[in-house]
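Worksheet: the structure to be examined is printed underneath.
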Amino acid sequence: MAKAAQELWGDPGMGSNAVAFRGDTTANGRGLLLGNPHYPWDGGRRFWQSQQTIPGELNVSGGSLLGTPAISVGFNAHVAWSHTVSTGIPANFHQLTLDPADPTTYLVDGRPERMTKRTVTVAVKDGTPVTRTQWWTRYGPVVTALSPQVPLPWTGKTAYALNDPNAANLRFADTSLGFSKARSTAGVLASLDRHQGLPWVNTLAADRAGHSLYTQSQVLPRITDDLARRCSTELGRTTYPASGIAILDGSRGDCALGGDSDAVVPGIFGPARMPTLKDAPYAENSNGTAWMTNTDRPLTGYERIFGTVGTQLGLRTRGAIEDVAAMADRGGLTVRDLQRQQFANRVPAGDLAVGDVARACAALPGGAATGGDGKAVDVSEACGVLKAWDRTMDTGSRGALLFDRFWRRLEQAVPADRLWKVPFSAADPVRTPNTLNTDTPGFATVLADTVGELRAAGIALDAPLGAHQFVVRDGKRLPVPGGAGRLGVWNVIEPTWDAAAGGYTEVPFGSSHLQAVGWDGSRCPVARTLLTYSQSSNPKSPHHADQTRLFSGERWVTSRFCEKDILSSPKLKVVRVHERR
Numbered sequence: 257m258a259k260a261a262q263e264l265w266g267d268p269g270m271g272s273n274a275v276a277f278r279g280d281t282t283a284n285g286r287g288l289l290l291g292n293p294h295y296p297w298d299g300g301r302r303f304w305q306s307q308q309t310i311p312g313e314l315n316v317s318g319g320s321l322l323g324t325p326a327i328s329v330g331f332n333a334h335v336a337w338s339h340t341v342s343t344g345i346p347a348n349f350h351q352l353t354l355d356p357a358d359p360t361t362y363l364v365d366g367r368p369e370r371m372t373k374r375t376v377t378v379a380v381k382d383g384t385p386v387t388r389t390q391w392w393t394r395y396g397p398v399v400t401a402l403s404p405q406v407p408l409p410w411t412g413k414t415a416y417a418l419n420d421p422n423a424a425n426l427r428f429a430d431t432s433l434g435f436s437k438a439r440s441t442a443g444v445l446a447s448l449d450r451h452q453g454l455p456w457v458n459t460l461a462a463d464r465a466g467h468s469l470y471t472q473s474q475v476l477p478r479i480t481d482d483l484a485r486r487c488s489t490e491l492g493r494t495t496y497p498a499s500g501i502a503i504l505d506g507s508r509g510d511c512a513l514g515g516d517s518d519a520v521v522p523g524i525f526g527p528a529r530m531p532t533l534k535d536a537p538y539a540e541n542s543n544g545t546a547w548m549t550n551t552d553r554p555l556t557g558y559e560r561i562f563g564t565v566g567t568q569l570g571l572r573t574r575g576a577i578e579d580v581a582a583m584a585d586r587g588g589l590t591v592r593d594l595q596r597q598q599f600a601n602r603v604p605a606g607d608l609a610v611g612d613v614a615r616a617c618a619a620l621p622g623g624a625a626t627g628g629d630g631k632a633v634d635v636s637e638a639c640g641v642l643k644a645w646d647r648t649m650d651t652g653s654r655g656a657l658l659f660d661r662f663w664r665r666l667e668q669a670v671p672a673d674r675l676w677k678v679p680f681s682a683a684d685p686v687r688t689p690n691t692l693n694t695d696t697p698g699f700a701t702v703l704a705d706t707v708g709e710l711r712a713a714g715i716a717l718d719a720p721l722g723a724h725q726f727v728v729r730d731g732k733r734l735p736v737p738g739g740a741g742r743l744g745v746w747n748v749i750e751p752t753w754d755a756a757a758g759g760y761t762e763v764p765f766g767s768s769h770l771q772a773v774g775w776d777g778s779r780c781p782v783a784r785t786l787l788t789y790s791q792s793s794n795p796k797s798p799h800h801a802d803q804t805r806l807f808s809g810e811r812w813v814t815s816r817f818c819e820k821d822i823l824s825s826p827k828l829k830v831v832r833v834h835e836r837r
């Protein structure tokens, strides 16, 4: 159950990268920020680009999630910020001890408390209204499962109540508006401290004065490690260390969530408890824990519910830290360097493993391997393709698709603790584990099945990536650069494999609202942006494919932020909205 809970809560279906550089790493002493959220390309979680201006009050540009009134990730004349999905667990459970005579009554310190019955009716278009009953406790509503894999059964003795402090959190827009009006990274942090409105993300920021910021200022239930030790149920003693999901004893009044004096509402952590890193040469996050935001200034001392310390990093975090640490050491950085990082399309998994794969492949007797169906497969061609691969996920890269399909299969077939010969070490978290274990029995089988899969789909082993990773716009295929996060690629693209359709279908998810922001001596920020899937979801709109074509060619939009630049645009169209009289 703990493993299932970790898989369910540990993969929010979204991601992101962001890095903020301090002024002494840049060419002019001012900060730099690269933001790269990973979100769906269709549906209600698309970003919408806008610039919001109220003369003398507000001037900010960026992207907003559909339906939200404030800029979610963006920049103004003084500061830029982006978000990454965090490792914090924004909910917890209390296990209820029920009255044997009444399963809708629970006991707290031996005294009975009745649940509150709430009936909710929802109107259905052209149908009969639907009515559901909820049972509420002092801790929150009773739930019976998180998913089919994680049941929480309501029996005659026990039930589970869900506490979600974000259920009543309407402070997100105020927090974001505070960012929009901030004049520095300190102003961004002040908005987080004042409003405490972000449910699920980290914040990274840089400003024109050269400051950098990372903070996991997130609305989390105030579960301290001490509270979890004192009050976890038998199940909670497993889930909390493994995943950060606390299941507390609801029969004890002393197991209620405490309060911090600087928290805006009871039951959540206050700003002083948030993992925060100020003014590091670089601050980077790729959905890993706060611990390795900067390898020279690791963050520790936070509660388990925020994330882990000293545990193995994901390949995307490892690759990102390698890249941005080298950039900071090199110094003299500009916005152009951020643009290059976004489209480097380097594959850390390839750098770590493809040499071992190619050598083990070449050593197979007769160039053959046995597939999962027991049949021999000639894999000799794959050896040369992998050896010659440039270890990128550029659209013209040959061998990228072969390695992508191989790696996905290998991770499923080989247990994580047997994948590498050199194990993880907390003393060297970026470079370990390493050295692929090609001796594992599953290796040759995976290689054979990958070759067989591509041949069955009619795909050449050395086919260029862009021929099979694409979207269709205006009836034409546009090749899409980038690769899967599990490969460690910064520019995340997650296509869906459909063997019956002959390979990958159109890209549904990945890099979304990109921004590379810095400042020069003028009043205007130096910004390059890109909305990968374009502004409009309407196929008839001229803005349905324009930026997607740019993304396909790894090109950017030069932001027009200041009024003089906006007015000089040859395609400017002004629409004045007024009341009808």
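As numbered in my numbering, the sequence shown has no gaps in its residue numbers, which increase by one up to the final residue, 837.
The C-beta atom is built at its ideal place from N, Cα and C for all residues, glycine as well.
C-alpha gap between residue i and residue j, whole angstroms
i, j, result
"residue 342", "residue 456", "6 Å"
"residue 841", "residue 616", "One cannot answer for residue 841 here, as it falls past the ends of the chain, which runs 257 to 837."
"residue 487", "residue 479", "10 Å"
"residue 552", "residue 776", "28 Å"
"residue 694", "residue 612", "7 Å"
"residue 792", "residue 297", "11 Å"
"residue 815", "residue 384", "50 Å"
"residue 804", "residue 730", "11 Å"
"residue 840", "residue 674", "Nothing in the structure corresponds to residue 840, since the chain is present only between 257 and 837."
"residue 477", "residue 634", "55 Å"
"residue 463", "residue 287", "5 Å"
"residue 299", "residue 703", "36 Å"
"residue 533", "residue 459", "11 Å"
"residue 471", "residue 442", "11 Å"
"residue 494", "residue 500", "10 Å"
"residue 395", "residue 546", "29 Å"
"residue 312", "residue 333", "13 Å"
"residue 764", "residue 378", "31 Å"
"residue 316", "residue 489", "48 Å"
"residue 597", "residue 579", "8 Å"
8 Å contact criterion, which residue i and residue j should meet: CB distance rounded
i, j, result
"residue 665", "residue 607", "Not quite, the Cβ-Cβ distance comes to about 19 Å (not below 8 Å), so this is no contact."
"residue 696", "residue 670", "5 Å"
"residue 376", "residue 388", "5 Å"
"residue 610", "residue 560", "Going by Cβ atoms, the distance from residue 610 to residue 560 rounds to 36 Å, so no, they are not a contact pair."
"residue 353", "residue 506", "7 Å"
"residue 289", "residue 320", "No, residue 289 and residue 320 are not in contact; Cβ-Cβ is about 17 Å, not under 8 Å."
"residue 749", "residue 768", "That pair is no contact at about 11 Å."
"residue 575", "residue 746", "7 Å"
"residue 530", "residue 473", "5 Å"
"residue 475", "residue 346", "6 Å"
"residue 627", "residue 344", "Contact flag wrong, Cβ pair sits at about 42 Å."
"residue 461", "residue 591", "About 16 Å separates the two Cβ atoms, so there is no contact after all."
Burial state of residue i, where buried means 16 or more other Cβ atoms lie within 10 Å
i, result
"residue 781", "buried"
"residue 755", "exposed"
"residue 325", "exposed"
"residue 577", "buried"
"residue 517", "exposed"
"residue 822", "exposed"
Range of the contiguous beta strand (DSSP E) that encloses residue i
i, result
"residue 309", "303-310"
"residue 274", "271-277"
"residue 771", "769-775"
"residue 473", "Element bounds for residue 473: n/a, residue is neither H nor E."
"residue 349", "348-355"
"residue 803", "It is not in any beta strand (DSSP E) - residue 803 instead sits in the alpha helix (DSSP H) that spans 802-808."
"residue 396", "396-399"
"residue 375", "372-378"
"residue 729", "726-729"
"residue 330", "329-331"
"residue 828", "Note, residue 828: premise wrong, no beta strand (DSSP E); not H, not E."
"residue 384", "Note, residue 384: premise wrong, no beta strand (DSSP E); not H, not E."
Residue i, enclosing alpha helix (DSSP H) - first and last residue
i, result
"residue 497", "492-499"
"residue 732", "From DSSP, residue 732 is part of no alpha helix (DSSP H) but of the beta strand (DSSP E) over 732-735."
"residue 823", "819-823"
"residue 320", "Careful: residue 320 lies outside any alpha helix (DSSP H), inside the beta strand (DSSP E) at 314-321."
"residue 445", "441-451"
"residue 483", "481-487"
Beta carbon proximity, residue i to chain D, threshold 8 Å
i, result
"residue 489", "As a matter of chain content, chain D is missing from the structure shown, which is built from one protein chain."
Segments assigned alpha helix (DSSP H), at least 4 residues, entirely inside the stretch 660-690: 672-675
Whole runs of the alpha helix (DSSP H) within the stretch 582-636, excluding any shorter than 4 residues: 591-598 and 604-618
Which parts of the stretch 512-562 are runs of the beta strand (DSSP E), unbroken and 3 residues or longer, counting only runs that do not cross its ends? 532-534 and 538-541
Ranges of the beta strand (DSSP E) found wholly within the stretch 400-435, counting only runs of at least 3: 401-403 and 414-419
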